[in-house]
Each structure stands twice: as C-alpha cells, then as structure tokens.
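With my numbering, you'll find the sequence shown wraps up at 266, consecutive numbering, no jumps.
No residue lacks a Cβ here, since even glycine has one placed at the ideal position from N, Cα and C.
All values reported here derive from a predicted model rather than from experimental measurement.
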Amino acid sequence: MPCTDQSSPSLSGVPLQRAARIQPGYSSRTRVRSNEAGTHRLLQARDLPRGAGIDWSDVVTFRPERNAELYRVSRDDILLPARGRTHRAFLVTEDLTDTLASNVFYIIRPDVTIVRPAYLAWWLNLPETQAQIDACARGTGIGYINRHALGGIFVVVPTADTQSRIESVVYLQQQRAALQERLTNKRDQLLHLACRHAVRREQE
C-alpha cells in the first residue's frame, strides 16, 4: 500500500503536511539522564504506556542542549511514534509547562483553521490510516517513519460541525481510558498491599 494513498478523491481533503506542522522530537548526542537541576521534562515512549494519558511517575527532567522551543509539547499537539511497531497517535489534552518530546515521536501541530486536533488524532488512528503509516516505515525490524512520506498521507477534512462532533467523542473516550487506567493502577496497588500484609502476618 503506498504511503500517499488517495483513494477517496471525491472527498475534500489535504496532505497531512498542509493540515499540520510535523516536527521531529528532541535528540541528544548522548543519553539523556534525569537531573534534579533540570529545567525541562522529556516525554519518551514509556511515558505513554497505553495511550490513555501521560504517566509522570518516571519522566526524565534534564537541561536541553539545543533550542527547546522546537520540541516543546502543548495542549492539542499530537504525538505519533516515529519508531517502533505501533504508531498510534496520542492527543495531548493537558496544559504542559517546559515539556519536550523525544525523537521517538513526531510532534504534529494541527493548523486549526483547517482541521481540529482531536479529529486529526482520530483520523490518524483509523485502521486504514495506520496501514498507510506502517507502509511509510523504513528499515528492517523496528522501522523509522520517513517525515516526507508521513506528510503526504491524505487527510479527509469534513465540515467543522462534523469535526466538532467527532472531537467530543474522542475527548470522552480519552477521559474514560485515563480513568480506567487510574482505576487499574489503584486496584493493582491494593492487591500488592494485601499480599504484602499476608506475608508479614505469616512472619509474625
């Protein structure tokens, strides 16, 4: 399947590179290590474990070596994994401060005069769009998505009213997923505590 499959020419649409800015994430010449004196946070793949929300428990704090503004992540940006076997788009719904995305991601910043952020995230996660993104990956094993090829992917742009309705559904779905993630974590913590308590009672 070609990266720029435009099999729906009768629908109004544009290449992704016209609907959004596509910026590679932050890269460093050396491994980035957490530093208590750091000025910025760096989001990595592990910090989005299931795409339900950002897990801040182990986010790296560091001092960027280059212009941090290029890699800053803001509300309504979309993070799309540039490497790996899955490329599901993650919509940022939090107000972030001094937070960058690592080079494992592309930072996709929609042009809101063309397309609404949540709608674009939904479109990028459609199975047929994901198939096109997978086809853009280069290399053997864990491939790397070519930015130019990604930018050529066709995005159907419906009316603002239709985009708004889809956006509402996307936000609700993401909130539900985040809530479910928190409930699962709490349940796991309670189970671990119960098991630890049982072990202690045996030792008394």
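request  = Pick helix, strand or coil for Ile170, following the three-state DSSP scheme.
outcome  = Along the sequence shown, read from residue 1 onward, the residue named residue 170 stands at position 108. Three-state DSSP puts Ile170 in a strand.
request  = Specify, as a first and last residue, the run of the alpha helix (DSSP H) that Arg80 falls within.
outcome  = Within the sequence shown, residue 80 is the residue found at index 18, counting from 1. Its alpha helix (DSSP H) spans residues 78-81.
request  = Kindly indicate which residue of Asn129, Tyr181, Pro126 has the alpha-carbon position closest to the one of Glu229.
outcome  = One-based indexing of the sequence shown puts residue 229 at position 167. The option with the nearest alpha carbon to Glu229 is Tyr181.
query = Ile84 by DSSP, collapsed to three states: which one?
reply = Here residue 84 refers to the residue found at position 22 when the sequence shown is read from its first residue. The DSSP-derived three-state label of Ile84 is strand.
key: Selection from Ala256, Gln79, Leu234 that minimises the alpha carbon distance to Asn208   = The residue given as residue 208 occupies position 146 in the sequence shown. Out of Ala256, Gln79, Leu234, Gln79 has the C-alpha closest to the C-alpha of Asn208.
Every unbroken alpha helix (DSSP H) within the stretch 118-202, with a cutoff of 4 residues, ordered by chain = 179-186, 189-197
query = Residue range of the beta strand (DSSP E) that Leu104 falls in?
reply = For the purposes of this step, residue 104 is taken as residue 42 along the sequence shown, with counting starting at 1. It spans 102-105 - the beta strand (DSSP E) in which Leu104 sits, taken as one unbroken run.
Cβ neighbours of Gly205 in the same chain (closer than 7 Å, five flanking residues each side left out) = Translated into positions along the sequence shown, residue 205 becomes position 143. Counting only Cβ-Cβ distances below 7 Å, and skipping sequence neighbours, we find Ala199.
request  = Using beta-carbon positions only, say whether Tyr88 and Tyr133 come within less than 7 Å of one another.
outcome  = Position 26 of the sequence shown, counted from the start, is the residue given in the question as residue 88. Position 71 of the sequence shown, counted from the start, is the residue given in the question as residue 133. Contact: yes.
inquiry  = Suppose you measure from the CA of Ala197 to the CA of Arg103; what does that come to, to the nearest Å?
reply    = For the purposes of this step, residue 197 is taken as the residue at position 135 of the sequence shown. For the purposes of this step, residue 103 is taken as the residue at position 41 of the sequence shown. Spanning the two alpha carbons is a distance of roughly 31 Å.
query = Nearest-angstrom Cα distance between Ala183 and Gln194?
reply = Position 121 of the sequence shown, counting from 1, holds the residue named residue 183. Position 132 of the sequence shown, counting from 1, holds the residue named residue 194. Approximately 15 Å between the Cα atoms of the pair.
task = For the alpha helix (DSSP H) holding Val231, just list the boundary residues, first then last.
result = Here the question's residue 231 lines up with position 169 in the sequence shown. 222-265 is the extent of the alpha helix (DSSP H) around Val231.
query = Do you know how far the Cα of Ile116 is from the Cα of His149?
reply = One-based indexing of the sequence shown puts residue 149 at position 87. One-based indexing of the sequence shown puts residue 116 at position 54. His149 and Ile116: Cα-Cα distance of roughly 16 Å.
key: Close beta carbons around Ala151, own chain, < 6 Å, minus the five adjacent residues each side   = On the sequence shown, residue 151 is found 89 positions in, with the first residue counted as 1. Excluding sequence neighbours, Ala151 sits near Ile140, Leu142, Ala183, Leu186, Asn187.
inquiry  = Buried or exposed for Leu253, going by 16 or more other Cβ atoms inside 10 Å?
reply    = For the purposes of this step, residue 253 is taken as residue 191 along the sequence shown, with counting starting at 1. By the 10 Å Cβ count, Leu253 comes out exposed.
inquiry  = On the DSSP letters alone, give me the boundaries of the beta strand (DSSP E) that Val218 sits inside.
reply    = What you label residue 218 is simply residue 156 of the sequence shown in a count that begins at 1. Here the beta strand (DSSP E) through Val218 covers 216-218.
message = Can you look up Gly205 in the DSSP assignment and give me helix, strand or coil?
response = Against the sequence shown, residue 205 aligns to sequence position 143. Three-state DSSP puts Gly205 in coil, outside helix and strand.
query = DSSP state of Asn97, grouped into three classes?
reply = Taking the first residue of the sequence shown as 1, we reach residue 97 at position 35. Three-state DSSP puts Asn97 in coil, outside helix and strand.
key: Residue nearest to Pro179 in terms of C-alpha spacing, selected from Val232, Glu266, Ser119   = Along the sequence shown, one-based indexing puts residue 179 at 117. Here the closest residue by C-alpha is Val232.
ask   = How long is the line joining the alpha carbons of Ala81 and Ala222, rounded to whole angstroms?
value = Along the sequence shown, one-based indexing puts residue 81 at 19. Along the sequence shown, one-based indexing puts residue 222 at 160. So the alpha carbons of these two residues sit roughly 14 Å apart.
For Arg262 and Val219, the rounded distance between their alpha carbons = Counting from 1 along the sequence shown, the entry for residue 219 is found at position 157. Counting from 1 along the sequence shown, the entry for residue 262 is found at position 200. If you take the alpha carbons of Val219 and Arg262, they lie about 60 Å apart.
request  = With a 10 Å radius around its C-beta and 16 neighbouring C-beta atoms as the bar for buried, classify Val174 as buried or exposed.
outcome  = Mapped onto the sequence shown, residue 174 falls at position 112. The residue is exposed, with fewer than 16 neighbouring Cβ atoms inside 10 Å.
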